[in-house]
Amino acid sequence: MGRRRVVITGMGLVSPIGSSVTEVATALRTHAHGIVSVDAWARWGVRTALAGAVADPALPNFGRKQLRATGKVARLAIAATEAAIVDAGLTSAQVQGPECALLFGSTDGSTGAAEEYYRRLYTTERFEGLLSSAYLRFMSHTCAANLAQAFGITGRVVPICSACTSASQSIGEGFMAVAHGREEIAICGGAEELHVTVAGVFDLMLAASTGRADTHPRPFDRDRDGMVVAEGAGTLVLESWEHAQARGARVWAEILGYGSNCDGAHLTSPSPDGMARAMRAALRDAGVGADTLDYVNAHATGTEVGDIAESQAMVEALGDRVPVSSTKGHTGHTLGGCGAIESVFTIAMMHGGFIAPTRNLEHVDPRCAPLTYVRGELREATIRRAMNNNFAFGGINTSLVFAQV
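Per my numbering, numbering through the sequence shown is continuous, rising by one, with the last residue being 409.
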């Protein structure tokens, strides 16, 4: 069997700027943001108070028994996945059949559930009274496990936990599985739950913003002062072209290529060379050149080192012609969910015929490579092909190439 075309037939998300494709497209068009100030964090002594927060989803279609082992991160994953399955028009039989795989990740399990469990354990020094289901809420594969249980998935379930590339690797590996005939359908994505411990990690690294909610984060800007942590979830339903056509499915976009590698050099300091190699690998896999791209959604989180390295990688791999922006200026960094959430943003812009500028980018840092940065006003554009990039601690790099159908 030759390599098959793979298309996206369903998208769902919960994000700081909306929980539907229509909502996020409007937010991106109107320069809206979802950054808030979390005053409760001050008691922990962290310098940052900014976050991209979302409400805990209600999930009226799921009972207590189905949700008893879920923390917020799994509930976000369920909400996004339910929306994607409905959007794709898949039946329960199709989702639960052997030709449907689930690939889903997060940086951690439920950090809130873990805090509650260990606080009680170390306060009482007793296991009596602790919930037997607590571990199921904060185990590393809680999203994938709870999704399989919630939707009755019996095919392959592949948890991918690679921090900020969890969702993009899930999409990429799902794409490869469908392209090479292992499955007809792959439900792919990632999620993240907001917690002070997550903010504290980046605060200790001096990589978290201490600015104002309406002006931060500032990807690529000379006055940036770090990232803003966020939460949310995104899910994409991938199908073989033949399967989608046979059932008359609406198609959002086609995945043309996927590249992923590792720097193999440093846990936290990114390598422009590794990033560039991932982008070139995605283009090779897609069988297209950099000159055919109409837009790049950059990973750019607003950190000192990361934005410079990524800009250098882009100019090396793609040149300086392709319009570039980072949607993290609107949402903050959703970590394990960002690859899927930002893929939805990219495809929403593709369908809407526009490129959202990088919010808060006023003066490009002269240390960043010379690129076609989209800033200020929204740019009306025809996006036939687009790239979405994500990079993670451990030197893990990912790049996805999408196309209109």
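Every residue, glycine too, gets a C-beta built ideally from N, C-alpha and C.
Values in this document were obtained by computation on a predicted structure and should not be read as measured data.
With distances taken from CA atoms, which of the options is nearest residue i?
{"i": "T272", "options": "F206, E119 and A237", "result": "F206"}
{"i": "I33", "options": "N394, R8 and I21", "result": "Here residue 33 turns out to be Arg, not Ile, going by the sequence shown. Selected option, being the one with the closest Cα: I21."}
{"i": "A59", "options": "E187, G340, L198 and G93", "result": "L198"}
{"i": "V42", "options": "R383, V200 and L382", "result": "V200"}
{"i": "R216", "options": "A203, L210, M209 and V232", "result": "V232"}
{"i": "Q408", "options": "Y377, L297, T376 and G340", "result": "L297"}
{"i": "A203", "options": "G278, W48, K69 and T127", "result": "W48"}
{"i": "H270", "options": "G93, A396 and A44", "result": "A396"}
{"i": "G278", "options": "N301, I387, D295 and G399", "result": "G399"}
{"i": "T362", "options": "A148, G93, T219 and A44", "result": "T219"}
For residue i and residue j, I'd like the C-alpha separation in whole angstroms.
{"i": "R379", "j": "P223", "result": "11 angstroms"}
{"i": "H184", "j": "G6", "result": "7 angstroms"}
{"i": "Y299", "j": "T307", "result": "22 angstroms"}
{"i": "A55", "j": "L151", "result": "26 angstroms"}
{"i": "S330", "j": "M354", "result": "15 angstroms"}
{"i": "Y122", "j": "L365", "result": "41 angstroms"}
{"i": "V161", "j": "P370", "result": "45 angstroms"}
{"i": "R251", "j": "S264", "result": "32 angstroms"}
{"i": "T52", "j": "K76", "result": "22 angstroms"}
{"i": "G16", "j": "H337", "result": "18 angstroms"}
{"i": "W245", "j": "P374", "result": "38 angstroms"}
{"i": "A62", "j": "S137", "result": "20 angstroms"}
{"i": "G113", "j": "G133", "result": "21 angstroms"}
{"i": "T305", "j": "A253", "result": "35 angstroms"}
{"i": "D267", "j": "P274", "result": "8 angstroms"}
{"i": "E384", "j": "E258", "result": "21 angstroms"}
{"i": "A92", "j": "L240", "result": "9 angstroms"}
{"i": "T127", "j": "R72", "result": "24 angstroms"}
Leaving out the 5 sequence neighbours to the left and right, which residues in its chain are closer than 7 angstroms to residue i when beta-carbon positions are compared?
{"i": "N394", "result": "C168, T169, S172, H303, C342, G343 and T402"}
{"i": "A248", "result": "V11, T13 and V255"}
{"i": "A211", "result": "G230, M231 and T307"}
{"i": "V25", "result": "M15, V348 and A352"}
{"i": "E196", "result": "V77, S110, T111, E235, G236, T338, L339, G340 and G341"}
Could you pull out every residue in the same chain whose Cβ sits closer than 6 angstroms to the Cβ of residue i, ignoring the five residues on either side in sequence?
{"i": "G178", "result": "L107, A190, C192 and L242"}
{"i": "A87", "result": "G16"}
{"i": "G38", "result": "P20, I21, G56 and T335"}
{"i": "P327", "result": "Y299, I359, T376 and V378"}
{"i": "M283", "result": "A321 and S403"}
{"i": "I345", "result": "L17, S19, G236, G238 and T338"}
Ignore the nearest five residues each way along the sequence and tell me which others in residue i's own chain have a CB closer than 8 angstroms to its CB.
{"i": "A36", "result": "I21, T30 and H334"}
{"i": "V99", "result": "I89, F155, G156, I157, I189 and I191"}
{"i": "E27", "result": "I21"}
{"i": "N65", "result": "E86"}
{"i": "A83", "result": "G16, V18, S23, P61, L63 and A237"}
I'd like to know whether the C-beta atoms of residue i and residue j end up nearer to each other than 8 angstroms.
{"i": "L80", "j": "E235", "result": "yes"}
{"i": "R281", "j": "V368", "result": "no"}
{"i": "A154", "j": "A105", "result": "no"}
{"i": "E129", "j": "E188", "result": "no"}
{"i": "G1", "j": "I164", "result": "It is not possible to answer for residue 1, since the shown part of the chain is limited to 5 through 409."}
{"i": "T146", "j": "A97", "result": "no"}
{"i": "T386", "j": "G357", "result": "yes"}
{"i": "T74", "j": "G340", "result": "no"}
Any chance the region 311-319 sits against the region 342-349, with 3 or more Cβ pairs inside 8 angstroms?
-> no
Are three or more beta carbon pairs between the region 283-291 and the region 315-328 nearer than 8 angstroms?
-> yes
Are the region 114-121 and the region 137-154 touching, with three or more C-beta to C-beta distances below 8 angstroms?
-> yes
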